[in-house]
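A.B. asks: Take a look at this one; I'll ask things after.
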């Protein structure tokens, strides 16, 4: 891939990831679910691993679990989401790690600011996206959110990273 093609791809995946972040901040959860491949995985690991299916994770959501989590948010059945937090995400330091056919792996840094009950908390993470491209654009195949303090004391959070 030429440098020009690489820059264009980086711009395209950055736009997609910023769109995903804006969708989450707006709590447009049905639109967020539409960004996923049905077999996609949303993972918040506690430790680094080669196979997250074999270790303990804060979150390891397939399609069914993503939809169940969103339903709890939307129906108010999650005690931690009543009332819902207001969030603002900033994503930066985008790097294309790999390209293989129609699959692109991208890493970036994320800062998430949560405001709830007049209190603000800040979360930081390294995020790795595996995206698949098609004629209709990118879709999420995997999203791995490595919170900086994932093995420390965590308060409940009522949103997706």
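In our numbering, the protein residues as written are 2 to 162.
In this text, a Cβ means the ideal position worked out from N, Cα and C, and glycines have one as well.
How long is the line joining the alpha carbons of residue 129 and residue 74, rounded to whole angstroms?
C.D. replies: Approximately 24 Å between the Cα atoms of the pair.
A.B. asks: Tell me whether the stretch 52–63 and the stretch 91–104 touch, counting them as touching only if at least three CB pairs, one residue from each stretch, are closer than 8 Å.
C.D. replies: Verdict: no, contact absent.
A.B. asks: Please state whether the Cβ-Cβ distance between residue 142 and residue 13 is less than 9 Å.
C.D. replies: No; because the gap between Cβ atoms is not below 9 Å, this pair is not in contact.
A.B. asks: Should residue 84 and residue 151 be called a contact, given that it needs their Cβ atoms to be closer than 9 Å?
C.D. replies: Not a contact, by the Cβ cut-off of 9 Å.
A.B. asks: Since residue 24 sits in a beta bridge, which residues does DSSP pair it with?
C.D. replies: Residue 24 is not bridged to any residue.
A.B. asks: Buried or exposed: which applies to residue 118, given that a residue is buried once 16 or more other Cβ atoms fall within 10 Å of its Cβ?
C.D. replies: Answer is exposed; the Cβ neighbour count stays below 16.
A.B. asks: Using alpha carbons as the reference points, say which of 87, 31, 23, 162 lies closest to residue 69.
C.D. replies: Checked all of 87, 31, 23, 162; the closest Cα to residue 69 is 31.
A.B. asks: Under a three-way DSSP split, which group does residue 9 fall into?
C.D. replies: The answer is helix: DSSP assigns residue 9 an H, G or I state.
A.B. asks: My output table needs one value for residue 91: the three-state DSSP class, helix, strand or coil.
C.D. replies: Strand at residue 91.
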